[in-house]
Amino acid sequence: MNKLYKQTLQAGNIFMFAKGLVHFQYNPDGKKPAMAISSFRNPHPGTVSLALNLFTTAIDDDILAKALKTDVVTTISFLGLT
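FYI, in full-length UniProt numbering the residues of the sequence shown are 1 to 82.
Right under this line is the structure:
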């Protein structure tokens, strides 16, 4: 079963994603810019099936809709496709 790990970071904080963990970043303060720096252990990090991992977690529907550049109704309709 997929599990959502959720953390609100402050300036100077870091968060490390485990290998193979599907992840996303969201800046709740649209007035201030956010910066993310990423790196991988090797030049071929591999892939993970996104549909099952993305639509079977507790990611807020509003955030998911913004990430997919669509509306909540359309996002919820994707659930039937997984």
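Note that beta-carbon positions come from the ideal geometry of N, C-alpha and C, so glycine has one too.
Just curious, the alpha helix (DSSP H) that residue i is in, first and last residue?
| i | result |
| --- | --- |
| Ala65 | Asp61 to Ala67 |
| Ala51 | Leu50 to Phe55 |
| residue 83 | Residue 83 lies beyond the range of the chain shown here (1 to 82); nothing can be said about it. |
Considering only C-alpha positions, which residue in the set the options is nearest to residue i?
| i | options | result |
| --- | --- | --- |
| Lys32 | Leu50, Ile14 and Gln10 | Gln10 |
| Arg41 | Phe78, Lys3, Thr8 and Ala18 | Ala18 |
| Gly80 | Leu52, Lys69, Ala58 and Leu68 | Leu52 |
What does the Cβ neighbour count give for residue i, buried or exposed, with the cut at 16 atoms within 10 Å?
| i | result |
| --- | --- |
| Ile14 | exposed |
At least 3 beta-carbon pairs within less than 8 Å: the stretch 58 to 67 vs the stretch 35 to 49: no
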